[in-house]
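This report concerns only the one structure given below.
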Amino acid sequence: MSQIIRFDCGTIHPTGLHVQANTYVIVFETNHGMVMIDSGYGIQDFMHPNLVTRFFTSFVHTPRDPVYCAINQLPKFNVDPHDVKHIILTHMHIDHAGGIADFPWAKIHVWEQELLSALHHRGKLGIGYNTSQWKNHDLWQTYNMTNCEWFGLPAVQLAEFSPEIFLIPTPGHTPGHCMVAFRSENKWILQTGSAGYPFYEQDENRQVNAPDWFKFWLMGNHIPRLKKLWLEQNQEIEFLSSHEFRKAEKID
């Protein structure tokens, strides 16, 4: 593997909270073309936002500018968007699945329960789904059963990919949320999505210490296991999250 790219598809400054974050997408090379983890917002989300997208982006102060869309950022990294053959979703909220519409040639990999939840707006944050972003997409691969373990966590390995890629079910933030793990040249990369917050942030002045009850409500009960895994395997695994919430340096 020679190329792993991580870039921001939308900054976040939630109204009334002294925190900031980003909306990260990861792209990496495989034997089956470039793979993208999550897709950020799509061009239509910014050019013609529906009511939910308009409200959410206004509340978190995400600029609705198509320059931040993945399809427009990839050329900066010398990646042809048509080389992205697969998109793996941690979940299908509007800020993670919107870019699907910009990649009609890509196969979408997602946990089956998540797709069903998105179709029917299920879950405590069901309002965060927007079926118009992806309802016309034709290429889907869904998963509904684990077949292995990844560092002790039940997982499903995506067939025939090199490097190895695993979906790790972590329901909580959404009913079918999954983490995504893949192997880089010298370590594992774990995209925790919205199942964990950046407890691995080394600068204590930047750490966001939300109440435990709120983290449980928002993300599920996965953080204790993830902390234990990080303490035991942080030399083998690089932990990432979709948003990397941290204390804000400045609120505009």
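Going by our numbering, 305 is the number at position 107 of the sequence shown; the sequence numbering is gapless.
Note that CB positions come from ideal geometry on N, CA and C, so glycine has one too.
Bear in mind that the values here come from a model prediction, so they are computed numbers and not experimental data.
Give the secondary structure of residue i by DSSP, where H, G and I count as helix, E and B as strand, and everything else as coil.
| i | result |
| --- | --- |
| T372 | coil |
| E227 | strand |
| M234 | strand |
| M377 | strand |
| V282 | strand |
| H294 | helix |
| Y266 | helix |
| T221 | coil |
| F205 | strand |
| E436 | strand |
| H307 | strand |
| T251 | helix |
| F364 | strand |
| T340 | strand |
I think residue i touches residue j, with their Cβ atoms under 8 Å apart; what is that distance to the nearest whole Å?
| i | j | result |
| --- | --- | --- |
| T255 | P264 | Not confirmed; about 13 Å, so no contact. |
| A304 | V282 | 6 Å |
| S392 | S440 | 6 Å |
| T260 | N328 | So it is not a contact: roughly 14 Å between Cβ atoms. |
| S315 | T228 | Actually they are not in contact, since the Cβ atoms of S315 and T228 sit about 27 Å apart, beyond 8 Å. |
| L438 | T390 | 7 Å |
Can you tell me whether residue i is buried or exposed, with buried defined as 16 or more other CB within 10 angstroms of its CB?
| i | result |
| --- | --- |
| I435 | buried |
| P422 | exposed |
| V258 | buried |
| G240 | buried |
| I325 | exposed |
| F275 | exposed |
| E442 | buried |
| H291 | buried |
| H216 | exposed |
| N334 | exposed |
| M245 | exposed |
| P175 | No answer is possible for residue 175: it lies beyond the span of the chain, which begins at 199 and ends at 450. |
Please state if the CB of residue j and the CB of residue i are separated by a distance shorter than 8 Å.
| i | j | result |
| --- | --- | --- |
| Q355 | N345 | yes |
| H420 | G394 | yes |
| Q331 | D236 | no |
| I203 | V233 | no |
| A357 | I366 | no |
Given 8 Å, three or more beta-carbon pairs between the stretch 341–350 and the stretch 291–306 | The stretch 341–350 is not in contact with the stretch 291–306.
Touch check for the stretch 337–344 and the stretch 204–218: three-plus C-beta pairs under 8 Å?
-> No: the two stretches stay apart, fewer than three of their Cβ pairs being nearer than 8 Å.
Is the stretch 300–314 in contact with the stretch 283–290, if contact means three or more CB pairs nearer than 8 Å?
-> Short answer: they touch.
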